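Residue numbers (the UniProt record's numbering): 1 to 317.
Given below as structure tokens:
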């Protein structure tokens with residue numbers, strides 16, 4: 001029966017970069033699974049069988065050589081939302097269609113965005129380190145965070161995730177500003193109490209929290225840099241749940257050290273994971289800034305991962 005099913009190329013089953021075992025039974029109902037190892041060992045017989053490729057954690061790598069070796073390939077399915085790791089023009093030039101999961105992780109990513117906002121505002125990472133430190137003898141009386149209720153949240157990118165963040169922020173009685181390529185309908189704005197900022201500068205200078213929720217494109221690469229951070233309030237917090245390269249990380253470190261902005265909470269970095277070196281600019285903030293927490297992917301942990309890597313919450317004392 002499996003021989004009659006179309007071939008689905010996957011990186012591996014299980015392991016660090018393989019599809020989840022829980023997905024295998026479902027996939028086998030519709031496809032004959034072929035791992036990249038099996039494909040490379042018997043490319044002559046396997047190449048014509050593959051009609052689809054399933055990307056999990058950006059694997060297998062889609063390049064010209066692979067596309068040329070799959071004459072019957074019809075579709076590439078990306079398990080996450082973002083497709084910035086793919087050369088879409090190259091894929092299209094082979095007549096292959098792309099599919100992704102644009103709404104699968106919207107709620108869980110929005111939850112993570114709000115979690116990072118709350119963690120940075122209430123200094124949860126710093127508080128944890130103080131609580132578990134062997135040297136702690138007492139707690140500082142002025143170990144205070146900042147208010148979330150009534151604060152202004154600026155959302156850069158009001159797509160499905162950005163809008164869900166606005167819904168959550170409304171419950172915290174936050175004032176919501178947003179900037180987007182296309183303005184939302186009036187009834188959608190009213191539903192979450194959001195005000196549109198045509199210029200990103202108008203949002204940055206007013207927001208107490210700036211949440212970045214844009215796709216990574218040539219236009220959004222280092223969207224938030226030195227100039228943008230200098231426009232923000234010195235009491236503001238930058239939260240990035242999009243892609244690491246959307247924020248200029250060197251400029252961010254300088255801004256944090258100089259007190260240009262109060263704090264940053266990052267679900268993504270560039271590269272991912274960060275090099276395991278104390279000299280790395282962001283990791284070095286562990287000793288100079290007061291708090292650094294690293295986890296496995298959490299922004300889309302309830303569904304398919306969008307970008308594997310270290311997720312960091314950096315907070316200045």
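We put the CB at the ideal spot given by N, CA and C, even for glycine. The structure displayed is predicted, hence computed values, not measured ones.
Check this for me: beta carbons of residue i and residue j, under 8 Å apart or not?
{"i": "residue 213", "j": "residue 238", "result": "no"}
{"i": "residue 20", "j": "residue 27", "result": "no"}
{"i": "residue 324", "j": "residue 245", "result": "The requested residue 324 does not occur in the structure, where the chain is confined to residues 1 to 317."}
{"i": "residue 253", "j": "residue 282", "result": "yes"}
{"i": "residue 241", "j": "residue 268", "result": "yes"}
{"i": "residue 114", "j": "residue 98", "result": "no"}
{"i": "residue 149", "j": "residue 173", "result": "yes"}
{"i": "residue 218", "j": "residue 261", "result": "no"}
{"i": "residue 96", "j": "residue 55", "result": "no"}
By DSSP, does residue i sit in helix, in strand, or in coil?
{"i": "residue 58", "result": "coil"}
{"i": "residue 296", "result": "Residue confidence is low: residue 296 scores 35 on pLDDT, short of 50, so the model does not pin down where it sits. Its coordinate-derived value is still stated next. Residue state, collapsed to three classes: coil."}
{"i": "residue 187", "result": "helix"}
{"i": "residue 219", "result": "coil"}
{"i": "residue 10", "result": "strand"}
{"i": "residue 26", "result": "helix"}
{"i": "residue 128", "result": "helix"}
{"i": "residue 322", "result": "No statement about residue 322 is possible, as the shown extent of the chain runs from 1 to 317 and does not include it."}
{"i": "residue 178", "result": "strand"}
{"i": "residue 199", "result": "coil"}
{"i": "residue 112", "result": "helix"}
If contacts are defined as beta-carbon pairs under 8 Å, then residue i and residue j qualify, I think. What distance do you get, rounded to the angstrom?
{"i": "residue 195", "j": "residue 177", "result": "5 Å"}
{"i": "residue 9", "j": "residue 75", "result": "About 11 Å separates the two Cβ atoms, so there is no contact after all."}
{"i": "residue 18", "j": "residue 50", "result": "Residue 18 to residue 50, Cβ: 17 Å. No contact."}
{"i": "residue 165", "j": "residue 110", "result": "5 Å"}
{"i": "residue 175", "j": "residue 152", "result": "4 Å"}
{"i": "residue 69", "j": "residue 37", "result": "Not really, about 15 Å apart at Cβ, beyond 8 Å."}
Return the residue from the list the options that minimises the CA-CA distance to residue i.
{"i": "residue 124", "options": "277, 167, 265 and 73", "result": "265"}
{"i": "residue 30", "options": "220, 4, 167 and 22", "result": "4"}
{"i": "residue 157", "options": "137, 138, 197 and 179", "result": "179"}
{"i": "residue 93", "options": "119, 248, 257 and 63", "result": "63"}
{"i": "residue 248", "options": "220, 236 and 188", "result": "220"}
{"i": "residue 207", "options": "231, 226 and 65", "result": "231"}
{"i": "residue 65", "options": "222, 47 and 79", "result": "47"}
{"i": "residue 58", "options": "189, 183, 81 and 201", "result": "81"}
{"i": "residue 118", "options": "147, 90 and 167", "result": "147"}
Beta carbon of residue i: closer than 7 Å to some heavy atom of the ligand SAM?
{"i": "residue 215", "result": "You won't find the ligand SAM in this model; it holds no ligand whatsoever."}
TODO: Would you check if there are 3 or more beta carbon pairs closer than 8 Å linking the region 142-150 to the region 113-132?
DONE: In this structure the region 142-150 lies against the region 113-132, because at least three pairs of beta carbons, one per stretch, are closer than 8 Å.
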